[in-house]
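Remarks on the structure that follows.
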Amino acid sequence: MASEEQDVPLNAVRAFVTIARERSVTGAAAALGTTQSSISRHLAVLEDYLGASLFERRGRSSDLSDYGRLFANAVTESLDTICFTARRMRRRNTADVNRLIVRTSLSTFATHVLIPHLSEFSKEMGGATVDVVTSLAMPSASDRFDVLVTRDLHIAEPGDHWEIYREQLICVGSPTHLKSKGLASIRSIPILSTTSRPDILPTWLRGMDMTVNDIVGGARVDHHYLALPAAMTGKCLLVAPEIVVAQCLQDGFLKAVSGTRTPSGMHYRAYALDRSSNPELARAFCRWLARLCRGMSSGETP
Numbered sequence: 012m013a014s015e016e017q018d019v020p021l022n023a024v025r026a027f028v029t030i031a032r033e034r035s036v037t038g039a040a041a042a043l044g045t046t047q048s049s050i051s052r053h054l055a056v057l058e059d060y061l062g063a064s065l066f067e068r069r070g071r072s073s074d075l076s077d078y079g080r081l082f083a084n085a086v087t088e089s090l091d092t093i094c095f096t097a098r099r100m101r102r103r104n105t106a107d108v109n110r111l112i113v114r115t116s117l118s119t120f121a122t123h124v125l126i127p128h129l130s131e132f133s134k135e136m137g138g139a140t141v142d143v144v145t146s147l148a149m150p151s152a153s154d155r156f157d158v159l160v161t162r163d164l165h166i167a168e169p170g171d172h173w174e175i176y177r178e179q180l181i182c183v184g185s186p187t188h189l190k191s192k193g194l195a196s197i198r199s200i201p202i203l204s205t206t207s208r209p210d211i212l213p214t215w216l217r218g219m220d221m222t223v224n225d226i227v228g229g230a231r232v233d234h235h236y237l238a239l240p241a242a243m244t245g246k247c248l249l250v251a252p253e254i255v256v257a258q259c260l261q262d263g264f265l266k267a268v269s270g271t272r273t274p275s276g277m278h279y280r281a282y283a284l285d286r287s288s289n290p291e292l293a294r295a296f297c298r299w300l301a302r303l304c305r306g307m308s309s310g311e312t313p
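If you want it as structure tokens, here you go:
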């Protein structure tokens with residue numbers, strides 16, 4: 012048995028936990044990318060340190076001894092926590108110190124709001140690089156990103172969050188077809204719908220105190236970033252979040268139908284994760300995005 016002063020053989024503990032999980036020395040060796048003899052040596056070292064047998068031979072197989080089962084139950088969760096925390100807090104390449112990965116479920120928002128203004132954030136933060144990825148999937152703890160921008164996803168990980176936008180819906184169309192018709196246009200010009208946001212049109216109609224019988228149904232497309240070119244060039248209208256059409260309105264590519272703004276009740280949020288390799292830059296990004304959205308949503312649109 013080892014002396015009291017001897018350090019705990021942590022590599023041996025890891026090997027033992029892997030044997031217990033894989034139920035064999037062979038499986039543990041494969042999982043850890045080493046040899047069976049190396050795993051067996053680690054097991055012998057740990058048994059010598061503990062002064063007890065961790066496995067019992069039963070015929071041609073081995074099972075955890077009562078002592079081994081108690082030890083496995085006591086250390087497995089703690090070891091997993093250490094490994095998980097170390098992986099999540101591991102610094103990326105030093106070249107990535109001024110770099111963020113921003114994940115969002117809002118592809119149209121990213122296309123028309125986030126990406127066109129990223130150079131402003133980069134300039135403010137000394138040339139920071141921002142990688143943008145889109146996904147509708149619920150994020151997991153193993154996904155690699157620093158900031159989550161979303162309207163409908165929730166995250167349980169430790170971190171800070173900012174409400175960046177309270178969604179307002181507005182009806183827009185080509186200036187060519189909205190010269191002087193005002194509200195009358197929504198009863199005569201077809202209105203596009205988007206399959207990715209089936210809630211928008213019913214919500215907007217309720218806000219306008221109207222029903223589907225009061226409008227002309229138009230074509231259906233998957234996303235707002237597909238619907239926007241159609242609204243700019245075709246004889247149709249589009250009900251969309253005001254923030255994603257704000258720049259098109261300002262540039263004169265679209266015109267808002269006066270009196271058609273109504274809240275949807277949806278909130279956009281930005282989450283800066285504590286496990287980010289650059290948490291301060293992640294928080295700075297969220298604060299910057301909140302200011303950007305506040306500025307865009309306060310624009311003078313009808």
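Numbering (my numbering), first residue to last: 12 to 313. Yeah, the Cβ is synthetic: ideal placement off N, Cα and C, and Gly gets one too.
Quick one: what does DSSP say P274 is sitting in, helix, strand or coil?
DSSP places P274 in strand when its eight states are reduced to three.
Could you please give me the residues that DSSP links to D325 through a beta bridge?
An answer regarding residue 325 cannot be provided, because it is not within the stretch 12 to 313 covered by the chain.
In or out: T105 buried (at least 16 other Cβ within 10 Å) or exposed?
Per-residue confidence for T105 stands at a pLDDT of 48, beneath the threshold of 50, marking its modelled position as unreliable; the derived number appears in the next sentence. That one is exposed.
Expressed to the nearest angstrom, what Euclidean distance is found between the alpha-carbon atoms of M277 and L216?
Distance between the alpha carbons of M277 and L216: 16 Å.
So what's L43 in DSSP terms, helix, strand or just coil?
Reduced to three states, the DSSP call for L43 is helix.
DSSP on D18, reduced to helix/strand/coil?
Looking at D18 - three-state DSSP - the assignment turns out to be coil, as it is neither helix nor strand.
Taking a contact to mean a Cβ-Cβ separation below 7 Å, would you say V19 touches L90 in this structure?
For V19 and L90, no; Cβs fall outside 7 Å.
What is the residue span of the alpha helix (DSSP H) that F264 lies within?
No alpha helix (DSSP H) contains F264, which DSSP labels as neither H nor E.
Tell me R68's beta-bridge partners as DSSP assigns them.
In DSSP, R68 forms a bridge with S73.
Report all residues from its chain with a CB closer than 6 Å to the CB of V227; omit the five preceding and five following residues, and keep chain order.
These residues qualify, in order along the chain: P201.
For the alpha helix (DSSP H) containing P290, name the first residue and the last one.
That run of the alpha helix (DSSP H) goes 290-308.
Of all the options Q47, S269, V183, which has the alpha carbon lying nearest to the alpha carbon of L212?
Of Q47, S269, V183, the residue nearest in Cα terms is V183.
Would you call M219 buried or exposed, if buried means 16 or more other Cβ atoms sit within 10 Å of its Cβ?
The residue is buried, with at least 16 neighbouring Cβ atoms inside 10 Å.
Which residues in the same chain as S73 place their Cβ atom closer than 7 Å to its Cβ, once the five residues preceding and following it in sequence are excluded?
Correct list, in chain order: F66, E67.
What beta strand (DSSP E) runs, 3 residues minimum, are completely inside the region 131-181?
As far as the region 131-181 is concerned, its whole beta strand (DSSP E) runs of at least 3 residues are 140-145, 158-161.
Please name the residue, chosen from T87, G229, L81, A121, that lies closest to L300 on a Cα-to-Cα basis.
Answer by Cα proximity: A121.
Give the DSSP-derived three-state secondary structure of T222 in the structure shown.
Of the three classes helix, strand and coil, the one that applies to T222 here is coil, per DSSP.
Between which two residues does the beta strand (DSSP E) carrying T187 extend?
Per DSSP, T187 belongs to no beta strand (DSSP E) and is neither H nor E.
Opposite A251 in the DSSP bridges: which residues?
Bridge partners of A251: I181.
For the putative contact between L54 and I30, defined by C-beta atoms under 8 Å, what is the C-beta separation to the nearest angstrom?
Right, their Cβ atoms sit about 7 Å apart.
Use the C-beta contact count for E253: other C-beta atoms within 10 angstroms, 16 or more gives buried, fewer gives exposed.
Buried, because 16 or more other Cβ atoms sit within 10 Å of the Cβ of E253.
For V268 and L194, which I take to be in contact (beta-carbon distance under 8 Å), what is that distance rounded to the nearest angstrom?
With a Cβ gap of about 7 Å, V268 and L194 count as contacting.
Per DSSP, what kind of secondary structure is T115 in: helix, strand or coil?
The answer is strand: DSSP assigns T115 an E or B state.
With distance defined between alpha-carbon atoms, name the residue in A139, T87, G79 nearest to V108.
Checked all of A139, T87, G79; the closest Cα to V108 is A139.
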